[in-house]
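Beneath this line is the structure, given in structure tokens, with notes to follow.
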Ligand SMILES: *Cc1c(COP(=O)(O)O)cnc(C)c1O
């Protein structure tokens, strides 16, 4: 028999032998980070990444480490200057939050203890339970409702739709799948985010199981068209089970008539899910709360904290009214994850029973610290401020003879263009697309774009706690300036 030799080695770890250098570098990183935020307003919002820098991301894996100091200096040279810019006071692209200084601290602490927040008897579990309780109270959900923090709106919507399917379809989908069953149907307006279709596809229902229902001039779902489509589908032997309502569409911030949809779904026995990715937090603004009436009647709500609650990436949430339905969709007992009467496995909740994920980051920590440090009223004021600023921008656009507002702006999303009525539609669109590129590349600010009724829209989504009114004045001025210049070039 071969003898097992025990190697006589010095064991190593990833920790330094002497912490002095690391301590100094972390202190420097804190100073550099605060400097970065303090000077952000004077920096370009965004800049393209030069080819020479892009090439620096191509080498193979270093076999011998380059050391921390060299790695940090590469970060400062190659990474930090080339962010998409969403921390900046004049970033209004897609729908992105800024992050917060308290979030910087939370990220450091989260990385230090490196909690796996799957459940277990640990403070992280209690922190997340408390955060979920707070979020339920914000959304008007009952205290005994269920929920879980997830990476973002996409997974929150997927999680809710999966629960809806298991809860509302009257056969054993979890056991048998949907083979041989009638076609299951989900309904949502044409303005719905594409993550809902992704969810339907991931669930194996097929894209044709999502019915895209028409919207009206306000970009809100046409409830009569919805009812007609459901009735026709039932007649054709399909099985409707869920309506997805929007609380803040990504294009224009439109809010579907939630109360009317809740009435309709109640009558029809359909699950009402609300995608409130950013818009759900408008409940915190007294002047907008009424637009969301009925939100509290939904069976489930998906929303992001990394958008209109300004939290660092990533953190979203799904709330499910029925704890039983939520648990029934994801619980799968197994010996290696048994809860015990004593010790570490004695947990008030095991989040893996409520989500496809097992190992999870402690994303509740940053939310908990932010809400404790700033208080909910601070966030409510900032959301109201963003809505006021968006109203201000919309009114400045309407007042300006060279600009045109392209859609109603009920919340914090404003779509507009530079007017050039003497030009053909495609030329107008091309002009505005070039104006947008000039604005972005100049570093002045960062709106992005969408297309509304065939028209290219410069789109501002204001989930920015650093923006001031003067920033919107700068955007209006830049749009007019580049529009005028590009028109002259054309002549
Ligand atoms: C952003 C967004 C999503 C997707 O959320 P992620 O956090 O990006 O996954 C879904 N719906 C709406 C309305 C959104 O704005």
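Residue numbers (the numbering used here): 4 to 494. Ideal Cβ positions, reconstructed from N, Cα and C, are used throughout, including at glycine.
**Request:** Taking residue 247 as the reference, give the member of 368, 336, 145, 264 with the closest Cα.
**Result:** Your numbering for residue 247 matches position 244 in the chain shown. Shortest Cα-Cα distance from residue 247 to any of 368, 336, 145, 264 involves 264.
**Prompt:** By Cβ distance, which residues of its chain are closer than 7 Å to residue 347, with the 5 residues on each side in sequence left out?
**Reply:** For this step, residue 347 is matched to residue 344 along the chain shown. Hits under 7 Å: 123, 124.
**C-beta atoms of residue 351 and residue 23 nearer than 8 Å** = Reading the chain shown from its first residue, position 348 is the one you call residue 351. Reading the chain shown from its first residue, position 20 is the one you call residue 23. The Cβ atoms of residue 351 and residue 23 lie no closer than 8 Å to each other.
**For residue 461, three-class secondary structure by DSSP** = The residue labelled residue 461 in the question sits at position 458 within the chain shown. In this structure, residue 461 counts as strand in the three-state DSSP scheme.
**Message:** Helix, strand or coil, according to DSSP, for residue 221 in the structure here?
**Reply:** Within the chain shown, numbered from 1, the residue matching residue 221 stands at position 218. Here residue 221 sits in coil by DSSP.
**Request:** Would you list the residues sitting across from residue 243 in a DSSP beta bridge?
**Result:** For this step, residue 243 is matched to residue 240 along the chain shown. In the DSSP assignment, residue 243 forms a beta bridge with 188.
**Request:** Spell out a yes or no on whether the stretch 456-475 and the stretch 86-96 are touching, meaning 3 or more CB-CB pairs, one atom from each, closer than 8 Å.
**Result:** Yes: the two stretches touch, three or more of their Cβ pairs being nearer than 8 Å.
**Asked** Based on the DSSP output, what are the partners of residue 496 in its beta bridges?
**Response** The chain is shown only over 4 to 494; residue 496 falls outside these bounds and no answer can be derived.
**Message:** Does the beta-carbon of residue 460, which I'm using as the reference point, lie nearer than 7 Å to any heavy atom of ligand 1?
**Reply:** Residue numbering aside, residue 460 sits at position 457 when the chain shown is read from its first letter. No, Cβ of residue 460 sits at least 7 Å from all heavy atoms of ligand 1.
**Message:** At a threshold of 7 Å, does residue 89 count as lining ligand 1 (C-beta to nearest heavy atom)?
**Reply:** As a working note, residue 89 is residue 86 in the chain shown. Checking every heavy atom of ligand 1 against the Cβ of residue 89, none is found closer than 7 Å.
**Message:** Going by DSSP, what residue range makes up the beta strand (DSSP E) through residue 141?
**Reply:** If you number the chain shown from 1, residue 141 lands on position 138. Residue range 126-142 is occupied by the alpha helix (DSSP H) that includes residue 141, with no beta strand (DSSP E) assigned at that position.
**Message:** On the CB-based measure, 16 or more other CB atoms within 10 Å of its CB, does residue 76 come out buried or exposed?
**Reply:** If you number the chain shown from 1, residue 76 lands on position 73. The residue is exposed, with fewer than 16 neighbouring Cβ atoms inside 10 Å.
**Item:** Residue(s) in a DSSP beta bridge with residue 447
**Value:** The count along the chain shown starts at 1 and reaches residue 447 at position 444. According to DSSP, residue 447 bridges with nothing at all.
**Message:** Quick check on DSSP: helix, strand or coil for residue 116?
**Reply:** Here residue 116 refers to the residue found at position 113 when the chain shown is read from its first residue. Per DSSP, reduced to three states, the secondary structure at residue 116 is helical.
**Request:** Pull up the CB-CB distance for residue 254 and residue 453, whole angstroms please, since I reckon it's below 8 Å.
**Result:** By one-based count along the chain shown, residue 254 stands at place 251. By one-based count along the chain shown, residue 453 stands at place 450. The pair is a contact, with the Cβ atoms about 5 Å apart (cut-off 8 Å).
**Asked** Using the beta-carbon count (16 or more within 10 Å), is residue 278 buried or exposed?
**Response** By one-based count along the chain shown, residue 278 stands at place 275. With 16 or more other Cβ atoms within 10 Å, it is buried.
**Message:** In the DSSP assignment, the beta strand (DSSP E) including residue 286 goes from what residue to what residue?
**Reply:** For the purposes of this step, residue 286 is taken as residue 283 along the chain shown, with counting starting at 1. Run containing residue 286: none; DSSP gives neither H nor E here.
**Message:** Taking a contact to mean a Cβ-Cβ separation below 8 Å, would you say residue 243 touches residue 273 in this structure?
**Reply:** On the chain shown, position 240 is the one that residue 243 refers to. On the chain shown, position 270 is the one that residue 273 refers to. Cβ atoms of residue 243 and residue 273: closer than 8 Å.
**Item:** Residue from 326, 431, 357 whose Cα sits closest to the Cα of residue 147
**Value:** Translated into the one-based positions of the chain shown, residue 147 becomes position 144. Comparing Cα-Cα distances from residue 147 to each of 326, 431, 357, the minimum goes to 326.
**Item:** Continuous alpha helix (DSSP H) stretch holding residue 156: start and end
**Value:** As a first step, residue 156 must be located in the chain shown, where it is residue number 153. Bounds of the alpha helix (DSSP H) holding residue 156 are 156-171.
**Supposed contact pair residue 202 and residue 250 - C-beta distance, whole angstroms, cut 8 Å** = Residue 250 sits at position 247 when you count from the first residue of the chain shown. Residue 202 sits at position 199 when you count from the first residue of the chain shown. Going by Cβ atoms, the distance from residue 250 to residue 202 rounds to 17 Å, so no, they are not a contact pair.
**Asked** Given residue 171, which residues of its chain have a CB within under 6 Å of its CB, disregarding the five upstream and five downstream residues?
**Response** Position 168 of the chain shown, counted from the start, is the residue given in the question as residue 171. So the list reads 244, 274, once near-sequence residues are dropped.
**Request:** Could you tell me if residue 234 is buried or exposed, where buried requires 16 or more neighbouring beta carbons within 10 angstroms of its beta carbon?
**Result:** To locate residue 234, count along the chain shown from 1; it is residue 231. When all chains shown are included, residue 234 counts as exposed.
**Item:** Environment of residue 211 [buried if 16+ CB atoms lie within 10 Å]
**Value:** Walking along the chain shown from the start, residue 211 turns up at place 208. Label assigned to residue 211: exposed.
**Item:** Beta-carbon contacts of residue 177 that lie in its chain and below 7 Å, excluding the five residues immediately before and after
**Value:** By one-based count along the chain shown, residue 177 stands at place 174. For residue 177, where only same-chain residues beyond five positions count, the Cβ hits under 7 Å are 169.
**Item:** Residues bridged to residue 181 [DSSP beta-bridge criterion]
**Value:** Against the chain shown, residue 181 aligns to sequence position 178. In the DSSP assignment, residue 181 forms no beta bridge with any residue.
**Request:** Buried or exposed for residue 324, please, with buried defined as at least 16 other CB atoms from any protein chain shown within 10 angstroms of its CB.
**Result:** Mapped onto the chain shown, residue 324 falls at position 321. Classification for residue 324: buried.
**Request:** Determine the burial state of residue 338: buried for a count of at least 16 other Cβ atoms within 10 Å of its Cβ, exposed for fewer.
**Result:** Along the chain shown, one-based indexing puts residue 338 at 335. Under this definition residue 338 is an exposed residue.
**Message:** Considering only heavy atoms of ligand 1, does any lie closer than 7 Å to the CB of residue 215?
**Reply:** Taking the first residue of the chain shown as 1, we reach residue 215 at position 212. Outside the cutoff, so no.
**Request:** Identify which residue in 290, 181, 164, 431 has its Cα closest to the Cα of residue 329.
**Result:** Along the chain shown, read from residue 1 onward, the residue named residue 329 stands at position 326. Per the Cα distances, 164.
**Under 8 Å between C-beta atoms of residue 364 and residue 120** = Residue 364 sits at position 361 when you count from the first residue of the chain shown. Residue 120 sits at position 117 when you count from the first residue of the chain shown. Contact: yes.
**Message:** Helix, strand or coil, according to DSSP, for residue 436 in the structure here?
**Reply:** Walking along the chain shown from the start, residue 436 turns up at place 433. Shown here, residue 436 sits in a helix according to DSSP, grouped into three states.
**Prompt:** According to DSSP, which residues form a beta bridge with residue 320?
**Reply:** As a position in the chain shown, residue 320 is number 317, starting the count at 1. DSSP, once it has assigned bridges, lists 152, 306 as partnering residue 320.
**Request:** Please name the residue in 366, 297, 106 whose C-alpha comes closest to that of residue 118.
**Result:** Reading the chain shown from its first residue, position 115 is the one you call residue 118. Checking every option, the nearest Cα to that of residue 118 belongs to 366.
**Prompt:** What is the residue span of the beta strand (DSSP E) that residue 418 lies within?
**Reply:** If you number the chain shown from 1, residue 418 lands on position 415. Taken as a continuous stretch (DSSP letters only), the beta strand (DSSP E) holding residue 418 covers 416-421.
**Asked** Is any heavy atom of ligand 1 found at a distance shorter than 7 Å from the C-beta of residue 283?
**Response** Taking the chain shown and counting its residues from 1, one reaches residue 283 at position 280. No, Cβ of residue 283 sits at least 7 Å from all heavy atoms of ligand 1.
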